[in-house]
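Going by the UniProt record's numbering, the first residue of the sequence shown is number 1, and it counts up by one from there.
All C-beta atoms, glycine included, are put in the ideal place defined by N, C-alpha and C.
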Amino acid sequence: MTDFVLRPIVDADAEEVGTAHVRIWQHTYAGMMDQAKLDALQPEQRITGWREQIIPGQVAREAAGETLTRCAVDPATGRIAGFGTGGRPRDEDPPRATELWSLNVLPEFHGTGAAAQLLDVLIGDRPAYLWVATQNDRAIAFYRKHGFELDGQTQYDDAWSCHESRMVRG
1 MTDFVLRPIV DADAEEVGTA HVRIWQHTYA GMMDQAKLDA LQPEQRITGW
51 REQIIPGQVA REAAGETLTR CAVDPATGRI AGFGTGGRPR DEDPPRATEL
101 WSLNVLPEFH GTGAAAQLLD VLIGDRPAYL WVATQNDRAI AFYRKHGFEL
151 DGQTQYDDAW SCHESRMVRG
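Below you can see the structure in the form of structure tokens.
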């Protein structure tokens, strides 16, 4: 297992993270989400989103205890292997006080420990919950390995035409 460098995402990372974001989604969610929307994803859109919305507000959101966003950097190459966000729940009636909002790892870094290390830095071993694409068996197995279980709650993401299942821990 590689010991990744876990750190905040900075403006200089926007291009790499935005490009990775698109690659990860197009690889991971093929056949699970609206394929036309996945195919239409462009790195420029995600780069702009990271640069204009996510990165500038990151410090304030962390200071307010709202969210924590981190990336995992491969020490051998300096490449960003993945990224994620955790923090206050977005749901009106959350089952836990902490939500894992996202966890994204490039396919070439699957099985290297990047996801587990990101999960640990984002939410530690606290009781938490997350929403996962119902058909994402790989992610469900990963989260089960880390103490999460499906609780029977589901929702439909209209924006991506995707069924999601809730998993909880603790």
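By the neighbour-count criterion, in which 16 or more other beta carbons inside 10 Å mark a residue as buried, residue 164 falls on the buried side. Boundaries of the alpha helix (DSSP H) harbouring residue 143: 137 to 145, taken from the DSSP string.
Following the DSSP letters along the chain, one finds residue 80 inside the beta strand (DSSP E) bounded by residues 80 to 87.
In the DSSP annotation of this structure, residue 7 is not part of any alpha helix (DSSP H); the continuous beta strand (DSSP E) holding it starts and ends at 5 to 7. Residue 169 is bridged by DSSP to 128. DSSP places residue 72 inside the beta strand (DSSP E), whose first and last residues are 67 to 73.
Between the segment 27 to 39 and the segment 81 to 97 there are fewer than three inter-stretch CB-CB distances shorter than 8 Å, so the stretches are not counted as touching.
When DSSP states are grouped into helix, strand and coil, residue 117 belongs to the helix group. Cβ-Cβ separation between residue 70 and residue 118: approximately 6 Å, consistent with a contact (criterion under 8 Å). DSSP, read as helix, strand or coil, puts residue 105 in strand.
Rounded to whole angstroms, residue 31 and residue 138 show a C-alpha spacing of 14 Å. DSSP places residue 38 within a helical segment (H, G or I) once states are collapsed to three.
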